[in-house]
Amino acid sequence: MNLMEYQGKELFRRAGIPVPQSRHAIAPDDVAEFLNGVAGEWVVKAQVLMGGRGKAGKIKFAKGAAEGRSVSEEILATPMPPNRQNPAGEPIKSLLVEEKLPITKEAYCAITIDRSTKKPAIIVSRFGGMDIEEVSEKHPESIAKFFVDTAIGYSPFVGRELAFEAGLDPAFRKQFPAILGALYDVFFRYGAKLVEINPLALTTDGRVYASDAKVELDDDALFRNPEFAEWQQALPLDEDERLAAESGLGIRNFRRFDGTVGTMANGAGLAMATMDAVSFAGGKVANFLDVGGGANAERVRKCYELVVNSTDAKVLFINIFGGITRGDEVARGIVEALKTTTSRRIPLVIRLTGTNEEEGRRILAEAGMTPVETMDEGAERAVEIAGRTTGQASS
Amino acid sequence: MNLMEYQGKELFRRAGIPVPQSRHAIAPDDVAEFLNGVAGEWVVKAQVLMGGRGKAGKIKFAKGAAEGRSVSEEILATPMPPNRQNPAGEPIKSLLVEEKLPITKEAYCAITIDRSTKKPAIIVSRFGGMDIEEVSEKHPESIAKFFVDTAIGYSPFVGRELAFEAGLDPAFRKQFPAILGALYDVFFRYGAKLVEINPLALTTDGRVYASDAKVELDDDALFRNPEFAEWQQALPLDEDERLAAESGLGIRNFRRFDGTVGTMANGAGLAMATMDAVSFAGGKVANFLDVGGGANAERVRKCYELVVNSTDAKVLFINIFGGITRGDEVARGIVEALKTTTSRRIPLVIRLTGTNEEEGRRILAEAGMTPVETMDEGAERAVEIAGRTTGQASS
Amino acid sequence: MSIFLDKNSKIIVQGITGAEGSYHTSRMVKYGTNVVGGVTPGKGGQKTAGGLPVFDTVKAAVDATGATHTCIFVPPPFAADALYEAYDAGVTFAVCITEGVPVHDMLKVVGTTAGMRIIGPNCPGLISPGKALVGIMPGHVFKEGDVGLISRSGTLTYEVVDGLTRAGLGQSTCVGIGGDPIIGTTFVDCLREFQNDPQTKAIVICGEIGGTDEEDAAAYVRDHMPGTPVVAFVGGRNAPPGKSLGHAGAIISGNFGTAQSKIAAFREAGVPVADRPSEIPALLAERLASSV
Amino acid sequence: MSIFLDKNSKIIVQGITGAEGSYHTSRMVKYGTNVVGGVTPGKGGQKTAGGLPVFDTVKAAVDATGATHTCIFVPPPFAADALYEAYDAGVTFAVCITEGVPVHDMLKVVGTTAGMRIIGPNCPGLISPGKALVGIMPGHVFKEGDVGLISRSGTLTYEVVDGLTRAGLGQSTCVGIGGDPIIGTTFVDCLREFQNDPQTKAIVICGEIGGTDEEDAAAYVRDHMPGTPVVAFVGGRNAPPGKSLGHAGAIISGNFGTAQSKIAAFREAGVPVADRPSEIPALLAERLASSV
């Protein structure tokens with residue numbers, strides 16, 4: 001779960017990381033009310049998960065109530081424009097009004113999880129306020145990294161070392177180890193996969209602030225902080241995630257493409273391999289769908305309906321290899337799903353093997369369905385039914 | 001720093017350990033006010049650091065305001081009687097009024113620091129409400145121990161394992177791992193040297209409570225929790241501790257005995273050896289005094305006055321072996337102290353060696369003092385001056 | 001021989017009386033695995049339907065049975081605790097089937113349980129065909145032989161193994177290492193073991209997009225196993241661009257993690273990469289033939 | 001030879017520009033210790049009055065000097081951080097002079113820095129006479145020779161050494177292990193090292209009341225060093241009854257910790273116990289004579 005800037009800053013504030021004075025606002029009127037009679041220049045920022053707000057004109061300055069209302073209206077007038085990762089753009093549902101800091105220097109710091117060393121990785125650069133990937137290309141020497149020993153956790157020397165190695169302006173140094181320690185607290189206490197301050201701002205009067213906040217929480221750890229359930233509802237799901245959630249799937253278990261061969265498999269690895277097989281057979285896949293373990297009738301029916309109703313699939317290739325998922329259960333699910341669904345019917349190609357496969361095949365046979373033997377065979381059959389296309393989605 | 005029951009229970013409450021409903025009270029009127037119109041039987045307990053409150057009649061039951069007032073008056077009427085560890089007894093400054101629990105079973109749990117394994121040690125017994133040393137003698141099989149890996153910390157399996165091994169009543173078991181975890185939180189978060197619940201009480205309706213609370217905080221870690229400075233002021237120091245603190249010494253750096261040879265040395269080890277030497281020379285020591293490092297004139301003067309004014313010392317044996325303490329500084333301190341003190345004069349025997357000893361001896365010589373060469377010699381000389389006694393304090 | 005697991009390995013099951021635990025315990029026993037008991041707090045002294053003793057704690061189970069291996073079926077919030085309990089009791093090999101374990105839990109577990117080999121979490125376990133099965137794999141798909149297999153995916157593993165078995169290529173040990181960001185045992189850890197296993201003559205690596213475990217494995221094969229026939233498969237060439245750990249993650253891991261990068265790394269190491277799982281047996285047979 | 005420390009050990013000082021740090025650094029250098037630099041964050045690039053380079057971090061100091069030893073003079077709240085920094089930079093031997101380090105800080109440090117030998121905290125350091133001095137000991141009291149000395153107390157150590165030196169009994173290495181409840185290196189750790197040190201022919205153990213380190217040392221001498229002349233002293237026979245860790249602590253440590261228990265343990269192990277520090281040289285000479 002990715003948090004909005006205002007949510008991330010709330011966590012920062014609790015941990016003692018200095019953040020600018022601010023107010024979260026839904027409507028231009030809220031912004032106007034807040035800025036009424038308030039002196040100085042303020043920043044109004046769209047609260048979205050997508051990057052590139054500045055370039056998209058979604059960060060604007062304002063003095064006073066009238067200007068606050070008008071820039072808010074401008075920002076809210078259009079959604080965030082699409083980019084490669086977010087082809088649908090992103091609607092803007094709220095704003096953050098924040099004091100404009102007199103910034104003299106910008107730095108970068110983040111903590112994430114490194115799969116290779118199996119440790120939290122801290123990254124610091126003396127260049128902030130720009131894309132860290134760009135920094136790493138242009139100024140690789142400005143980037144310092146530290147891999148935290150989880151038995152020890154964060155200790156202030158880490159912040160000192162990184163500040164020196166990244167060449168942070170000396171004015172940052174005194175406050176930096178404590179701020180990084182507080183950021184580590186956020187990372188650790190809330191079970192985050194990423195916490196990022198970009199930029200970490202130094203003001204003309206020598207204070208240091210988190211000027212932006214990016215926090216990605218681990219979905220598997222959300223249960224430890226019940227308040228996050230509410231926060232989650234305030235966050236936009238993309239269309240595929242929403243559809244997945246409505247069908248009772250994990251939000252990452254379903255994604256649509258523009259092909260005609262629907263797929264459904266158990267396990268992300270097999271689901272990906274199923275898509276690859278369809279592509280190799282010359283077809284274009286309509287979707288990725290990992291049905292997960294325990295595929296009972298209800299689950300199978302919902303997945304069937306999800307594919308039929310939200311994609312252009314002309315056929316659904318169900319590819320189940322039973323381990324924890326039992327073949328007989330899946331077979332019953334399929335038979336039951338087709339009996340009970342009210343959605344339109346499309347042909348099924350079923351491949352079912354593994355645990356209790358004989359029983360599963362018997363159940364399917366009783367219902368008049370003949371499963372294929374292999375994944376390749378299933379992919380071929382499905383592509384035949386959907387009609388061969390020329391382009392391959394494969395690399 | 002040892003906490004009173006009511007202070008320990010406040011830390012327990014914060015960590016989520018169930019404690020009985022209670023009110024801390026200073027005067028019988030407070031107790032009466034609190035119990036006015038309140039139903040049921042309540043317990044009024046003297047808040048003291050000494051053990052043995054029950055036997056001393058300092059825990060009483062009361063129903064309603066009038067009875068509350070009268071038992072409070074009885075408890076406060078006399079101090080806690082002396083015992084071996086507290087030959088002066090202990091004044092009673094406040095009371096805890098607490099709901100009387102319908103207890104069916106009592107168990108014991110504590111966490112302390114084990115020097116040998118260098119780990120936190122958890123101790124659990126199915127026998128609670130009595131002295132744990134007595135339990136360990138009579139029912140050794142009822143005591144289960146666990147040494148915590150500090151890199152991992154507490155994990156619930158520890159509580160499960162201990163509950164089974166100590167043979168806790170099954171009714172305790174479900175709640176026990178969480179309560180022990182919360183106790184570990186108190187131990188860890190506040191830097192405690194000991195946290196103890198005795199008894200951990202099981203009530204007739206199946207709930208579990210910390211019925212008493214014993215917490216010893218690490219004096220060296222108090223700076224991390226500024227509120228403890230206030231708490232400390234609410235705690236009684238014994239006479240020696242109070243004198244030490246008033247002289248600017250650590251509260252454990254001074255202790256009085258009934259002899260006539262005053263001692264003062266730098267370092268607890270040398271101070272103890274100095275006392276031993278006086279005993280072996282046939283003298284009786286008047287006090288233990290570790291002057292610590294950096295013995296400047298002010299410090300030496302205060303220590304001199306402390307011994308002279310609070311003990312029966314007829315002579316003061318100053319035994320300084322310089323490492324981090326520099327001999328010249330100590331010598332200047334002694335000379336200066338004798339110049340400025342307004343207390344009565346007693347003879348000094350000075351032994352000064354180690355870092356900058358030549359300079360120190362020169363300074364003493366200029367002031368007309370001749371240091372002895374060895375500790376044994378100093379002890380002999382001091383005992384001669386004080387007059388030999390027949391009894392030895394030594395083993 | 002085989003790696004990690006053989007006929008004599010004494011195995012306990014944590015969560016043995018739960019629905020999944022009891023179902024898969026009976027399957028493991030049926031396969032011939034030496035399951036010596038299990039743990040469910042509060043049910044100590046009982047027996048499972050199959051007659052296995054149940055203990056209150058892992059320590060009690062280990063004391064009574066001498067178990068060295070554990071297979072963990074407990075809900076995600078309790079998985080780390082189960083692993084710590086096994087570690088503390090002296091278990092040296094733990095398979096964690098549980099899916100959805102918080103990643104910070106695993107970060108801490110792997111950083112503080114040196115000396116205990118952990119497989120998973122979120123994995124199907126492992127099997128040394130003909131000897132023992134620990135986890136949730138469908139045993140009948142496997143066949144004893146000399147191919148070692150390592151996979152990040154569960155169901156894909158069965159797919160690949162099914163192909164190997166049908167092609168007459170039996171397996172020494174098949175390890176499902178799990179697909180989570182932080183796992184106890186990596187491809188390289190397994191390669192190191194296979195290297196010292198006389199039964200294993202060839203290796204199949206089933207990777208997928210994300211992380212750099214495949215790149216590390218390719219480098220290890222290149223540097224340390226030049227003579228060993230190894231074939232790889234990389235799943236997810238057509239997968240949706242997953243939500244990554246963000247830019248900071250990319251800086252840490254460089255430009256690795258894509259299917260392209262992994263395939264290139266394997267090829268550079270002389271490891272042929274199958275386009276489809278079904279191609280693996282032929283590629284392997286070819287490599288085996290040329291290595292003789 | 002000697003233990004832990006010799007002429008070639010490269011030493012840095014953490015907190016080298018502080019009052020205590022700079023004073024004792026100059027004393028160490030004067031004694032002949034190979035101090036190669038020090039650390040004070042923000043003062044990197046400067047030189048001490050004695051011309052030693054100052055670095056911002058231990059890592060920078062180790063990279064530039066190849067130091068393996070550190071001596072820590074920082075205030076108590078920062079001592080654990082200084083130890084972690086040394087550990088992370090690859091330092092293998094750390095002496096922590098600081099008094100008043102929170103006991104939980106040390107609990108965690110000793111539990112998470114395996115591979116780094118820590119002496120202290122709240123200790124005077126150690127000296128291999130004639131070779132090197134790390135800490136705050138008064139070097140002129142010591143004399144090179146073949147007696148190893150271990151002590152929990154600072155000033156008492158100097159007292160004992162003074163007696164040895166006057167009696168012509170020089171020392172191989174004298175270690176002040178510190179008097180805190182949790183210390184990095186115990187009597188037994190030092191005994192193990194002395195056992196393997198050809199220079200050390202005899203050992204003096206200066207213990208005191210509290211804890212069970214003396215009892216452990218006595219058992220070690222009895223079981224592993226039957227031929228070595230060892231003499232002990234136990235301070236605090238007339239000490240006030242200290243405020244103990246309470247009853248729970250007594251349960252953990254049994255009935256140990258009193259002067260009586262320690263003296264009995266040493267005697268049972270064949271280790272004579274001196275009544276006064278001044279008796280140690282004679283007892284040692286006697287043991288040395290009878291062991292030849």
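Here the protein sequences come in this chain order: G, L, V and B.
The numbering of the first sequence is this note's numbering, which starts it at 1 and goes up by one.
The numbering of the second sequence is this note's numbering, which starts it at 1 and goes up by one.
The numbering of the third sequence is this note's numbering, which starts it at 1 and goes up by one.
The numbering of the fourth sequence is this note's numbering, which starts it at 1 and goes up by one.
The beta-carbon is built from N, C-alpha and C at its ideal position, and this holds for glycine as well.
Contact check for ASN319(G) and THR274(G): beta-carbon distance about 5 Å, within the 8 Å limit, so the pair qualifies. Closest in C-alpha terms to GLN47(L), from the list LEU222(L), GLU90(L), ASN266(L), GLY40(L), comes GLU90(L). By the neighbour-count definition (other C-beta atoms within 10 Å, threshold 16), ASN238(V) is a buried residue. For ARG351(G), no alpha helix (DSSP H) encloses it; the enclosing beta strand (DSSP E) starts and ends at 348-354.
No residue range can be given for GLY15(B), since it is assigned to no beta strand (DSSP E) and is classified by DSSP as neither H nor E. Note on the region 210-235 of chain G: whole beta strand (DSSP E) runs with a minimum of 3 residues are 214-217, in chain order. Of all residues in the region 140-164 of chain V, those with a C-beta nearer than 7 Å to a C-beta of chain G are VAL141, ARG152, SER153, GLY154, THR155, LEU156, TYR158, GLU159, ASP162, reading in chain order.
At a cut-off of 8 Å, the C-beta of SER278(V) has a neighbouring C-beta in chain G. Closer than 8 Å to the CB of ALA221(G) there is at least one CB belonging to chain V. Residue burial is scored here from C-beta neighbours: PHE146(L) has at least 16 other C-beta atoms within 10 angstroms and is therefore classed as buried.
Note: CYS206(V) is bridge-paired with SER151(V), PHE233(V) in the DSSP secondary-structure output.
Bounds of the alpha helix (DSSP H) holding LEU243(L) are 239-246. At a cut-off of 8 Å between C-beta atoms, ASN238(V) counts as an interface residue with respect to chain G. An exposed status is given to MET1(B), since fewer than 16 other beta-carbon atoms sit within 10 Å of its beta-carbon. As for any alpha helix (DSSP H) of minimum length 4 sitting wholly inside the region 40-104 of chain V, the runs are 58-65, 79-88, ordered along the chain. With 16 or more neighbouring CB atoms inside 10 Å of its own CB, PHE187(B) falls in the buried class. GLY145(B) is positioned such that its CB atom lies no closer than 8 Å to that of GLY163(B).
Contact with chain L is found for PRO41(V), since one of that chain's Cβ atoms lies less than 8 Å from the residue's Cβ. In the DSSP annotation of this structure, the continuous segment of the alpha helix (DSSP H) that includes GLY269(L) starts and ends at 268-280.
Closest in alpha carbon position to ALA219(B), among ILE209(B), LYS262(B), ASP197(B), LEU149(B), is LYS262(B). Here the C-alpha atom of HIS24(L) lies approximately 53 Å from the C-alpha atom of THR65(V). For GLU99(L), the CB contacts under 8 Å within the same chain, skipping 5 residues up- and downstream, are PRO20, GLN21, SER22, GLY40, TRP42, VAL43 in chain order. Put simply, the CB of LEU191(V) is far from chain G, with every gap to its CB atoms at 8 Å or more. If you look at ILE132(G), you'll find it in the alpha helix (DSSP H) that goes 132-138.
Residue pairing by DSSP puts ASN287(G) in a beta bridge opposite ARG256(G).
Using beta-carbon distances, GLU208(B) does not count as an interface residue toward chain G, since no partner is under 8 Å. Within the same chain, Cβ atoms closer than 7 Å to the Cβ of ALA166(G) are found at VAL124, SER125, ARG126, SER142, ILE143, ALA144, the five residues on either side in sequence being excluded.
Taken in chain order, the whole beta strand (DSSP E) runs of length 3 or more contained in the region 161-221 of chain V are 171-176, 202-208.
Taken through DSSP and simplified to helix, strand or coil, LEU5(V) comes out as coil. In the DSSP assignment, LEU168(G) forms no beta bridge with any residue. Taking the Cα of SER155(L) as reference, the smallest distance to any Cα among ALA264(V), LYS108(V), CYS71(V) is reached at LYS108(V). No Cβ-Cβ contact shorter than 8 Å links THR311(G) with LYS193(G). Here ARG361(L) is actually not in contact with LEU348(L); their C-beta atoms are around 14 Å apart, not less than 8 Å. Residue burial annotation: HIS104(V) is buried, with at least 16 other C-beta atoms found within 10 angstroms of its C-beta. The alpha helix (DSSP H) runs lying completely inside the region 50-92 of chain L and spanning 4 residues or more are 64-77, given in chain order. Within chain G, the C-beta atoms nearer than 8 Å to that of THR112(V) come from THR150, ALA151, in chain order.
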